[in-house]
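**Q** The structure's right below; bear with me while I get my questions together.
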Amino acid sequence: MDYVVNRVDHYRVRHHGTSAYGPQDLKAWLSLYGSGHVTGVVGTIGFYRPEALESRQDWIDPLGRPQGHMPIEELAAVLDMLRNERPVYLHWSEAWRQTWLDTRAEPVREAAVSDPARPADQTVLPFSARSKDR
1 MDYVVNRVDH YRVRHHGTSA YGPQDLKAWL SLYGSGHVTG VVGTIGFYRP
51 EALESRQDWI DPLGRPQGHM PIEELAAVLD MLRNERPVYL HWSEAWRQTW
101 LDTRAEPVRE AAVSDPARPA DQTVLPFSAR SKDR
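Residue 72 in my numbering sits at position 72 of the sequence shown, and the numbers go up by one each step.
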């Protein structure tokens, strides 16, 4: 498959300790779930010690699911993205031999009504409705 994109609806994270019997460099494993694949799993990302990444290459498994590898230092940022952004998509590019997560284009300066930077009584108009005089 040259290019794959799957929407991520749910995730499961597993943290690994140190064991003489398991993969020494794998520190966490993220399973990504969505409706884009018959098994429910649309891809995985393994988080490794940085020095272990030199021997790892992203790939796509025989069932068409992207398998990514990232440094363990990226885990918090990835979990933050999964917890706070919607929708999130997992991509695979054969040309780049790489997986990545992304969101879709979002408006600049999203703010909840309770955001103190924008009082609740302030009306936010769509760009087309704003006066050129303002």
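Every residue, glycine too, gets a C-beta built ideally from N, C-alpha and C.
1. Rounded to the nearest angstrom, what separates aspartate 150 and proline 107 at their Cα positions?
2. On the criterion of 16 or more Cβ atoms from any shown chain inside 10 Å, does glycine 46 qualify as buried, or is it exposed?
3. Under the assumption that aspartate 9 contacts tyrosine 33 (Cβ atoms under 8 angstroms), give the Cβ distance between them as a whole number of angstroms.
4. With which residues is isoleucine 60 paired in a DSSP beta bridge?
5. Is the Cβ-Cβ distance between tyrosine 48 and leucine 30 less than 9 angstroms?
6. Who are the Cβ neighbours of proline 71 in its own chain at under 8 angstroms, not counting the five residues just before and after it?
7. Out of curiosity, what's the CA-to-CA distance linking alanine 95 and aspartate 2?
8. Would you call the CB atoms of leucine 101 and leucine 82 closer than 9 angstroms?
9. Aspartate 80 by DSSP, collapsed to three states: which one?
10. What first and last residue would you give for the beta strand (DSSP E) that runs through alanine 28?
11. Is histidine 69 buried or exposed, if buried means 16 or more other CB atoms sit within 10 Å of its CB?
12. Note down the Cα distance separating leucine 137 from leucine 79, rounded to an integer number of angstroms.
**A** Result, derived from the coordinates:
1. Absent from the structure is residue 150, since the part of the chain shown begins at 1 and ends at 134.
2. For the purposes of this step, residue 46 is identified with residue 46 of the sequence shown, where counting begins at 1. Burial call: buried.
3. Position 9 of the sequence shown, counted from the start, is the residue given in the question as residue 9. Position 33 of the sequence shown, counted from the start, is the residue given in the question as residue 33. Indeed they touch by this definition, with Cβ atoms about 6 angstroms apart.
4. What you label residue 60 is simply residue 60 of the sequence shown in a count that begins at 1. Paired residue(s): Pro66.
5. Here residue 48 corresponds to residue number 48 of the sequence shown, with the count starting at 1. Here residue 30 corresponds to residue number 30 of the sequence shown, with the count starting at 1. Going by beta carbons, tyrosine 48 and leucine 30 fall outside the 9 angstroms limit.
6. Counting from 1 along the sequence shown, the entry for residue 71 is found at position 71. Once the five neighbours on either side are set aside, the close Cβ partners of proline 71 are Phe47, Tyr48, Arg49, Pro50, Leu53.
7. If you number the sequence shown from 1, residue 95 lands on position 95. If you number the sequence shown from 1, residue 2 lands on position 2. Cα to Cα, the separation comes out at about 7 angstroms.
8. Start at 1 with the first residue of the sequence shown, and residue 101 comes out as number 101. Start at 1 with the first residue of the sequence shown, and residue 82 comes out as number 82. Yes, they are a contact pair.
9. Here residue 80 is taken as the residue at index 80 of the sequence shown, counted from 1. Aspartate 80 falls in the helix class under three-state DSSP.
10. Residue 28 sits at position 28 when you count from the first residue of the sequence shown. Run containing alanine 28: 26-33, per the beta strand (DSSP E) assignment.
11. Counting from one through the sequence shown, the residue named residue 69 turns up at place 69. Here histidine 69 is buried: its Cβ has 16 or more other Cβ atoms, across all protein chains shown, within 10 Å.
12. Here the chain has residues from 1 to 134 only, and residue 137 is not among them.
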